[in-house]
Ligand code: COI
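Numbering (this note's numbering), first residue to last: -5 to 352.
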């Protein structure tokens, strides 16, 4: 029989301390978290407890060998105040694809979704009401064996915590095409949402930030000409009326927002292609005056307009945001779906249910 989620509620909520009109991204955490442990070959001890610290053994394997994966998703409130999730089953499936690549145990997808409902139902008051804000949801899993030696851990923790957020990037981003460092190659871990992929992005991003950019555009292919993604999101270009995003080739994150955008564009009859895209093609489009838009797509970023892309000495300045049709439409569509303003023709919105808790 499936185990029930045991709930221990906080004695006193911290919500009164939060200024919902001024929320820094990633620094405010809601009252509760979901936790499960993997030991003796199975997931057990499903529980929702007050958000708080874990104790950690110094030899915990996640700290040494990096078995740590995560998801990022958002819960929002409809205009009527009902809490909603978007495509939760996609995140449940993706964390298990990441788990498989990192030799970690799959987490039961039905429990993943049930835990989301239970947690968000309990902390629904933490969902910011403003359109464009949301409750960020962070499911993650890490190895907990106390051991030195490179092998898969035999014990893990799976956790979901949440926190209210505003926009990830407050203004259009300036990107530098990275020509020295690589994020991933086909066959590596680039498709997994593995913590180490993000650690590896920090030095290149830091160096780019010292030059005044916000992030790097990762390149791949034998001659480092193929566009992959940005450090924090997938990337889309609008070239002469056609929306183009790099195809997932074994090195690019299978973004769920990316997937939603491909489906929305197709539904609207806007030409859209997921294919190999080189920086040479982007430069040629820019020089011909046909590079109309570029934007990042991710759970955190939603749509993040690109103001500039630097490729060596070439600084490609993109048209002002107010002239961009596609990125603005996609952001409006997602915000509208989340608030209930836009009809959910894809059945992506899942109302949060109050599951039976013990
Ligand atoms: C997300 O988009 O949710 C991510 O996990 C990426 C991270 C940069 C916040």
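Don't be surprised by glycine CBs; every beta carbon is placed ideally from N, CA and C. All of these numbers come straight from a predicted model, not from anything done at the bench.
| Query | Result |
| --- | --- |
| In whole angstroms, what separates the C-alpha of residue 100 from that of residue 189? | 17 Å |
| My parser needs the beta strand (DSSP E) runs of 3 or more residues fully inside the segment 80 to 140; what are they? | 128 to 137 |
| Excluding the 5 residues flanking residue 352 on each side, which residues of the same chain have their C-beta closer than 8 Å to its C-beta? | At residue 352, the pLDDT of 48 sits below 50, so the modelled position is not reliable; the number obtained from the coordinates is stated separately. Cβ within range, chain order: -2, -1, 0, 1. |
| Could you spell out the range, first to last residue, of the alpha helix (DSSP H) harbouring residue 323? | 320 to 333 |
| Residue 89 and residue 27 - do their beta-carbons sit closer together than 8 Å? | no |
| On the three-state DSSP scale, how would you describe residue 200? | helix |
| For residue 304, collect the residues of the same chain with a Cβ closer than 6 Å to its Cβ; drop the 5 residues on either side in sequence, then sort them by chain order. | 170 |
| If residue 19 and residue 122 are in contact, beta carbons under 8 Å, what's the gap, nearest whole angstrom? | No, residue 19 and residue 122 are not in contact; Cβ-Cβ is about 12 Å, not under 8 Å. |
| Give the DSSP bridge partners of residue 298, in chain order. | 290 |
| Can you tell me which of the three DSSP states residue 267 falls into? | strand |
| Assuming residue 250 and residue 81 make a contact with CB atoms under 8 Å, what is their CB distance in whole Å? | 6 Å |
| Taking 6 Å as the limit between beta carbons, can you name the residues of its chain near residue 67, skipping five residues before and five after? | 85, 131, 293 |
| In or out: residue 353 buried (at least 16 other Cβ within 10 Å) or exposed? | Only positions -5 to 352 of the chain appear in this structure, which leaves residue 353 out of reach. |
| When burial is assigned at 16 or more other CB atoms within 10 Å of the CB, is residue 11 buried or exposed? | exposed |
| Go to residue 343, then tell me how far its beta strand (DSSP E) extends in each direction, as first and last residue. | 343 to 345 |
| Can you name, in chain order, every residue of its own chain whose Cβ lies under 8 Å from the Cβ of residue 151, other than the five neighbours on each side? | 29, 30, 31, 32, 48, 135, 136, 138 |
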